[in-house]
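First up is the structure itself, then whatever we jot down about it.
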Amino acid sequence: MGYWDEKKETMSREELTAYQSEKLVWQVKRCYENVECFRTRMDELKLKPEDIHGIEDLPKLPFSYKKDLRDYYPYGLFAAPMKDIVRIHASSGTTGKRIVAGYTRNDLDIWADGAARVLTSVGLGEGDIIQISYGYGLFTGGLGLHGGAEKIGATVIPMSSGNTALQIQTMIDLKATALCCTPSYAMYLGEEVQRLGVQDQLSLKVGIFGAEPWSEEMRKNIEAALGIKAYDIYGLTEIIGPGVSGECEYQAGMHVWEDNFIPEIIDPDTLEPLPVGSEGELVFTTITKEGMPMIRYRTRDICRLDPTPCKCGRTHYRMMKPHGRTDDMLIIRGVNVFPSQIEEVLLGFNDGEITPNYQIIVDRVNHTDTFDINVEMSEKFFADDMKSIQKLENAIVAKLRSVLGIGAKVHLVSPQSITRSEGKAKRVIDKRTI
Amino acid sequence: MFATQLSVFVENKTGRLSEILNTFSEHHIDIRALSIAENSEFGILRLIVSETERAYDILKREGFIVKKTEVLSLQMEDKPGALAQLVDKLSDAGVGIEYLYAFVSREDGGANVVLRLDDTEAAQNLFK
Numbered sequence: 003m004g005y006w007d008e009k010k011e012t013m014s015r016e017e018l019t020a021y022q023s024e025k026l027v028w029q030v031k032r033c034y035e036n037v038e039c040f041r042t043r044m045d046e047l048k049l050k051p052e053d054i055h056g057i058e059d060l061p062k063l064p065f066s067y068k069k070d071l072r073d074y075y076p077y078g079l080f081a082a083p084m085k086d087i088v089r090i091h092a093s094s095g096t097t098g099k100r101i102v103a104g105y106t107r108n109d110l111d112i113w114a115d116g117a118a119r120v121l122t123s124v125g126l127g128e129g130d131i132i133q134i135s136y137g138y139g140l141f142t143g144g145l146g147l148h149g150g151a152e153k154i155g156a157t158v159i160p161m162s163s164g165n166t167a168l169q170i171q172t173m174i175d176l177k178a179t180a181l182c183c184t185p186s187y188a189m190y191l192g193e194e195v196q197r198l199g200v201q202d203q204l205s206l207k208v209g210i211f212g213a214e215p216w217s218e219e220m221r222k223n224i225e226a227a228l229g230i231k232a233y234d235i236y237g238l239t240e241i242i243g244p245g246v247s248g249e250c251e252y253q254a255g256m257h258v259w260e261d262n263f264i265p266e267i268i269d270p271d272t273l274e275p276l277p278v279g280s281e282g283e284l285v286f287t288t289i290t291k292e293g294m295p296m297i298r299y300r301t302r303d304i305c306r307l308d309p310t311p312c313k314c315g316r317t318h319y320r321m322m323k324p325h326g327r328t329d330d331m332l333i334i335r336g337v338n339v340f341p342s343q344i345e346e347v348l349l350g351f352n353d354g355e356i357t358p359n360y361q362i363i364v365d366r367v368n369h370t371d372t373f374d375i376n377v378e379m380s381e382k383f384f385a386d387d388m389k390s391i392q393k394l395e396n397a398i399v400a401k402l403r404s405v406l407g408i409g410a411k412v413h414l415v416s417p418q419s420i421t422r423s424e425g426k427a428k429r430v431i432d433k434r435t436i
Numbered sequence: 036m037f038a039t040q041l042s043v044f045v046e047n048k049t050g051r052l053s054e055i056l057n058t059f060s061e062h063h064i065d066i067r068a069l070s071i072a073e074n075s076e077f078g079i080l081r082l083i084v085s086e087t088e089r090a091y092d093i094l095k096r097e098g099f100i101v102k103k104t105e106v107l108s109l110q111m112e113d114k115p116g117a118l119a120q121l122v123d124k125l126s127d128a129g130v131g132i133e134y135l136y137a138f139v140s141r142e143d144g145g146a147n148v149v150l151r152l153d154d155t156e157a158a159q160n161l162f163k
């Protein structure tokens, strides 16, 4: 499959490093001049822009945090004058107060370019009909993929999220060849397509799903339910939106567009950079973005970078699926639990055929954390006799205990009884008040 | 004789059973016999109905989890000792019973028993 920008996507490491260094020096200088928060932190470290000569100096620079976006809400972190800001987006605010991001015309182009590279790398281009079922509006999902899809010359169906019946009808009638939405919504659409028995009426080839973590098992389920190849795309509003990185045809990690976003992996406790290939917290520096640049932004995503050459020929490092966000992590009875671990266990069961709809409920009763997981009953899981169901239930409980290190109560509930989301899935209900 | 029983998953929560029964009511499905096996979390509703295939399709379409199970449905005399005799016959032949439930038939007022056995074939021959 082709490249969107072959020269940049296949640059040698030396060329890339030189390019990154030049852009970093430029970015640090303009951030120092225009962003008060950054300047104050540099001054505290007694650092001047002149002390930064290239990416070897990156670890000297101060970190930035999600909290900064709240403290300097709404425009305090912008490095370009408002007259140059042509678009505002805001994060969906799943974790606390809303944050905003501003884009210059050039930023929108960088963003669309990132999404275009991902779409091209999974085989899409002119002649494809792309249904975008991410929410449009302040959320970066809809317009982010929209920009990329238009850029590659595909036919765009700006569907936005919601109204599942109409989504499926549109897909069928307009012969959409690709679908972009959140993986949980893709899962839901897949279930509905199966229930209605209309899979053979679809023209879909591929799906590009992101904006929330998902597992390999979920990928298999979506691929089977919709008859497509499913690819992961990554991004965050603070950095730019979807298209910071994405999978190529080999589904072996997401290429980070390092000519725009420098990734680092740090130890979240010591804050020291870790060698490439280690697992730790992902940190990004946007070296070309003008509107709201981020220097060493701590994403809270835990993952690993793979520097080995990819079969597709792209030289940009691949980030493995984040297996959790440090702020998604639950601490239950003193043990760190990531919802993604629970997902892996549930979906891995019974050949991954359990309907992967589940909800984690954490509460505190008599000063002790309670940990319950509701799992929707599925066809494959159900038997006419109590014994077999209980055996399976016990096996899930045992597996969870061995993976998580603590016990959870598993409850089998009616199918379709856990609220389906058309945006992000609400997987965790934490009722503890501490 | 063999009969096809429908087994439906029922979460142990107020209103869940009525959802299923109302579905039958809406579609005019007559329930001939039923029993519920339950633990504290969920139950398995077992039913013999008037139109098994149609009822199965409707339940599936409405999103219930339902399975078809082959069971043995036998008629016996409605008098003391009849069930004991039947069960003895099975145990003498070494056939195990997983569960059973009884009902009275509307047509002839006879007693009926639905049996789920570990060896339905062998039992079938016993009651020819």
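Residue numbers (the working numbering), protein chains in the order written: chain A, 3 to 436; chain P, 36 to 163. Beta carbons: idealized from backbone N, C-alpha and C, even for Gly. If you're wondering where the values come from, they're calculated on a predicted model, not measured in any experiment.
Suppose contacts are defined by Cβ-Cβ distances below 8 Å. Is residue i in contact with residue j by that definition?
i                : j                : result
Leu69 (chain P)  : Leu80 (chain P)  : yes
Ala384 (chain A) : Ile334 (chain A) : Note on identity: in this sequence residue 384 (chain A) is Phe, with Ala being the wrong assignment. No, Cβ-Cβ distance for Phe384 (chain A) and Ile334 (chain A) is not below 8 Å.
Val45 (chain P)  : Gly78 (chain P)  : yes
Ala156 (chain A) : Ile132 (chain A) : yes
Ile64 (chain P)  : Ala38 (chain P)  : no
Gly150 (chain A) : Leu110 (chain A) : no
Lys31 (chain A)  : Pro51 (chain A)  : yes
Ile100 (chain P) : Gln40 (chain P)  : no
Glu283 (chain A) : Asp308 (chain A) : no
Glu193 (chain A) : Ala227 (chain A) : yes
Glu281 (chain A) : Cys305 (chain A) : yes
Thr239 (chain A) : Leu206 (chain A) : no
Phe467 (chain A) : Thr184 (chain A) : The structure shown does not extend to residue 467 (chain A), since chain A is modelled only from 3 through 436, so no value can be given for it.
Glu152 (chain A) : Glu346 (chain A) : no
Leu147 (chain A) : Cys182 (chain A) : yes
Thr317 (chain A) : Leu79 (chain A)  : no
Gly125 (chain A) : Val208 (chain A) : yes
Val285 (chain A) : Ile268 (chain A) : yes
Ser66 (chain A)  : Tyr299 (chain A) : yes
Leu348 (chain A) : Val377 (chain A) : yes
Would you mind telling me which residues of chain P sit closer than 7 Å to residue i, beta carbon to beta carbon, in chain order?
i                : result
Ala171 (chain A) : Note on identity: in this sequence residue 171 (chain A) is Gln, with Ala being the wrong assignment. Within 7 Å Cβ-Cβ: nothing; Gln171 (chain A) doesn't reach chain P, min ~18 Å.
Phe384 (chain A) : Phe44, Ile100 and Lys102
With a threshold of 8 Å on Cβ separation, who are the neighbours of residue i within its own chain once the five nearest residues in sequence on each side are excluded?
i                : result
Tyr252 (chain A) : Cys312, Lys313 and Cys314
Tyr21 (chain A)  : Met13 and Asp261
Ile408 (chain A) : Ile334, Arg335, Val337, Val339 and Phe373
Ile431 (chain A) : Gln361, Ile362, Ile363 and Val364
Glu133 (chain P) : Arg151, Leu152 and Asp153
Ile170 (chain A) : Leu191, Glu194, Val195, Leu198 and Val200
Lys428 (chain A) : Gln361 and Thr421
Taking 6 Å as the limit between beta carbons, can you name the residues of its chain near residue i, skipping five residues before and five after?
i                : result
Trp6 (chain A)   : Ala118, Arg119 and Thr122
Gly98 (chain A)  : For Gly98 (chain A), the predicted model reports a pLDDT of 49, less than 50, meaning its position is unreliable; a value from the coordinates is still stated below. Closer than 6 Å at the Cβ level, and outside the excluded window around Gly98 (chain A), lies no residue.
Arg41 (chain A)  : Tyr34
Asp202 (chain A) : none
Glu76 (chain P)  : Asn47
Val278 (chain A) : Leu307 and Pro309
Starting from residue i, find everything on chain P with Cβ-Cβ shorter than 9 Å and list it in chain order.
i                : result
Gln196 (chain A) : Those within 9 Å of Gln196 (chain A) in chain P number zero; the least Cβ separation is about 12 Å.
Gln418 (chain A) : Gly98
Phe340 (chain A) : Neighbours of Phe340 (chain A) on chain P: none; closest Cβ ~26 Å, over 9 Å.
Listing by chain order, which chain A residues have their CB less than 8 Å from the CB of residue i?
i                : result
Asn74 (chain P)  : Met388 and Gln392
Glu133 (chain P) : Asp387
Taking 7 Å as the limit between beta carbons, can you name the residues of its chain near residue i, skipping five residues before and five after?
i                : result
Gly1 (chain A)   : As displayed, chain A neither begins before 3 nor continues past 436, which places residue 1 (chain A) out of reach and without an answer.
Met111 (chain P) : Ala117, Leu118, Leu121, Ala146 and Val148
Glu395 (chain A) : Val412 and Leu414
Lys10 (chain A)  : Asp261
Since residue i contacts residue j with CB under 8 Å, what's their CB separation in whole angstroms?
i                : j                : result
Thr287 (chain A) : Ile297 (chain A) : 5 Å
Asp59 (chain A)  : Asp53 (chain A)  : 7 Å
Met321 (chain A) : Val258 (chain A) : 5 Å
List, in order along the chain, the chain A residues whose C-beta lies closer than 7 Å to that of residue i?
i               : result
Phe77 (chain P) : Leu414
Arg23 (chain P) : Nothing can be reported for residue 23 (chain P): it is not among the residues displayed for chain P, which extend from 36 to 163.
Residue i touches chain P at which residues, Cβ-Cβ below 8 Å?
i                : result
Ser380 (chain A) : Ile100
Flag residue i as yes if its beta-carbon sits less than 8 Å from any beta-carbon of chain C, otherwise no.
i               : result
Tyr75 (chain A) : No chain C appears in the structure shown, which is made up of the protein chains A and P.
May I ask you to verify whether the stretch 286-302 of chain A touches the stretch 101-108 of chain A, counting CB pairs closer than 8 Å and requiring at least 3? yes
Could you say if the stretch 77-85 of chain A and the stretch 31-44 of chain A meet the contact criterion of at least three C-beta pairs nearer than 8 Å? Contact annotation: the stretch 77-85 of chain A touches the stretch 31-44 of chain A, with at least three C-beta pairs closer than 8 Å.
Given 8 Å as the limit, is there contact between the stretch 153-164 of chain A and the stretch 217-233 of chain A, that is, 3 or more CB pairs closer than that? Judged by Cβ distances under 8 Å, the stretch 153-164 of chain A makes no contact with the stretch 217-233 of chain A, as fewer than three pairs qualify.
Decide yes or no for the touch test of the stretch 152-159 of chain P against the stretch 115-133 of chain P: beta carbon pairs closer than 8 Å, at least 3 of them. Yes, the stretch 152-159 of chain P touches the stretch 115-133 of chain P.
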